[in-house]
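Below you'll find the structure, written out as structure tokens, and then a few comments.
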Amino acid sequence: MAIGKWDARDIFEDWPEAQRITASLMDSRSYETLVDFDSHLDDLRNDWANPEINKSIIHLC
Numbered sequence: 003m004a005i006g007k008w009d010a011r012d013i014f015e016d017w018p019e020a021q022r023i024t025a026s027l028m029d030s031r032s033y034e035t036l037v038d039f040d041s042h043l044d045d046l047r048n049d050w051a052n053p054e055i056n057k058s059i060i061h062l063c
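In this note's numbering, the protein residues as written are 3 to 63.
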């Protein structure tokens, strides 16, 4: 890699699995409960780590 240049690389080893998990999350509309950091700052009860979505991802693996 040259100095000051980015070296693009594919870090995912299992694209079909990632696509399957993403499709399942989209089908279950998980995005409706996704909390970003701005929402967390608006109301600290909103957990920006999204534990419920993370549990879903682990379950789908």
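We treat Cβ as the ideally placed atom computed from N, Cα and C, and that holds for glycine. Quick caveat: nothing in here was measured; it's all calculated off a predicted structure.
Assigned secondary structure, residue i (DSSP; H/G/I helix, E/B strand, else coil)
{"i": "D40", "result": "helix"}
Boundaries (first-last residue) of the alpha helix (DSSP H) holding residue i
{"i": "E54", "result": "P53 to L62"}
{"i": "A25", "result": "W17 to D29"}
Same chain, Cβ closer than 6 Å to residue i, neighbours up to 5 away in sequence not counted
{"i": "L27", "result": "none"}
{"i": "L62", "result": "I23 and S26"}
Cutoff 8 Å; reference residue i; Cβ partners in own chain excluding five residues on either side
{"i": "I59", "result": "I23 and L27"}
Residue i beta carbon near the ligand COA (any heavy atom closer than 6 Å)
{"i": "R31", "result": "Because no ligand of any kind appears in the structure shown, any question about the ligand COA cannot be addressed here."}
Inter-stretch contact at 8 Å, needing at least 3 Cβ pairs: the stretch 38 to 45 / the stretch 5 to 14: no
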